[in-house]
Amino acid sequence: MKMKKMIVALMTVFAISCVGGQNKYSEAYLMERMDSIYSRYKDENVVKGEFGREIRRDVDYDAMFCSSRYNKLFKEASDICLKNDDILLDYDHWTCSQDDGDFLVKNIKVENITDSTALAIVEATNYGQKTTIRLQLFYERGDWYVDDFLNEDGAEGEKALLLQIINNK
Numbered sequence: 000m001k002m003k004k005m006i007v008a009l010m011t012v013f014a015i016s017c018v019g020g021q022n023k024y025s026e027a028y029l030m031e032r033m034d035s036i037y038s039r040y041k042d043e044n045v046v047k048g049e050f051g052r053e054i055r056r057d058v059d060y061d062a063m064f065c066s067s068r069y070n071k072l073f074k075e076a077s078d079i080c081l082k083n084d085d086i087l088l089d090y091d092h093w094t095c096s097q098d099d100g101d102f103l104v105k106n107i108k109v110e111n112i113t114d115s116t117a118l119a120i121v122e123a124t125n126y127g128q129k130t131t132i133r134l135q136l137f138y139e140r141g142d143w144y145v146d147d148f149l150n151e152d153g154a155e156g157e158k159a160l161l162l163q164i165i166n167n168k
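Written out as structure tokens, the structure is:
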């Protein structure tokens with residue numbers, strides 16, 4: 000009887016993790032998810048203006064694509080910086096740049112997929128310079144979200160900075 004319950008539980012978990020028959024833990028699904036997150040930086044979606052690419056700044060991409068725990072840390076650190084009349088980030092963490100008018104995604108890879116984490120590697124160019132962005136992903140609320148923006152070498156990322164600000168109020 001216990002074995003039967005365990006099999007039913009495993010089948011339920013697997014069914015919940017699939018969308019339209021696609022396994023959300025598959026590399027194919029993760030690639031699709033990352034492609035949608037970075038779609039505004041793909042050739043076919045680029046809108047060019049007088050000063051380069053026009054990125055919609057009225058859309059809260061962090062709320063849409065970052066994990067709940069990342070957003071909570073970011074808000075807390077942001078509130079502390081605001082209170083201290085300080086700047087939290089002076090760059091766009093999605094592009095790892097201050098000026099992203101020519102930022103273009105070239106390739107996306109996903110690695111180290113577990114039941115709740117994965118690593119996405121975004122290869123891009125910005126004003127002719129190659130750049131690599133590493134994103135720690137976290138599975139929550141039925142999908143994958145960015146949980147940290149890692150350094151290019153994969154070492155600690157923005158969450159470490161946010162925690163440092165919070166802990167050193």
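Under numbering that gives the first Met the number 0, the sequence shown has 111 at position 112, and the numbering climbs by one with no breaks.
From the three backbone atoms N, C-alpha and C, an ideal C-beta is built for every residue, glycine too.
Bear in mind the structure is a predicted one, so any value in this text is a computation, not a measurement.
By a C-beta neighbour count over all protein chains shown, 10 Å radius and 16 as the cutoff for buried, is residue 156 buried or exposed?
Classification for residue 156: buried.
Measuring straight from C-alpha to C-alpha, what distance separates residue 134 and residue 58?
Roughly 20 Å between the two C-alpha positions.
What is the C-beta distance between residue 161 and residue 76, in whole angstroms, given that I count them as a contact (C-beta under 8 Å)?
Right, their Cβ atoms sit about 4 Å apart.
Going straight from the alpha carbon of residue 87 to that of residue 64, what length do you get?
Distance between the alpha carbons of residue 87 and residue 64 is about 19 Å.
DSSP state of residue 7, grouped into three classes?
With a pLDDT of only 44 at residue 7, under the threshold of 50, the placement of this residue in the model should not be trusted; the figure read from the coordinates follows. Helix at residue 7.
So residue 36 is in the alpha helix (DSSP H); what residue range does that whole segment cover?
Residues 26 to 36.
Give the C-beta separation of residue 136 and residue 118 to the nearest angstrom, bearing in mind that I take them to be a contact with Cβ-Cβ under 8 Å.
Confirmed, Cβ separation roughly 7 Å.
Which term fits residue 159, buried or exposed, when burial requires 16 or more other beta carbons within 10 angstroms of its beta carbon?
Its Cβ having fewer than 16 others within 10 Å, residue 159 is exposed.
To the nearest angstrom, report how far apart residue 142 and residue 108 are at their CA atoms.
Answer to the nearest angstrom: the Cα atoms are 17 Å apart.
Thinking residue 165 and residue 79 are a contact (beta carbons under 8 Å), I'd like their distance in whole angstroms, please.
Indeed, because the Cβ distance is near 7 Å, the residues count as touching under 8 Å.
State the CB to CB distance for the pair residue 132 and residue 121, rounded to an integer number of angstroms; the pair is presumed to be in contact (CB under 8 Å).
Contact holds; Cβ gap of about 4 Å.
Whose CA, out of 139, 105, 125, lies closest to the CA of residue 70?
Residue 139 is the option with its Cα nearest to residue 70.
In angstroms with no decimal places, state the Cα-to-Cα distance between residue 22 and residue 84.
Distance between the alpha carbons of residue 22 and residue 84 is about 46 Å.
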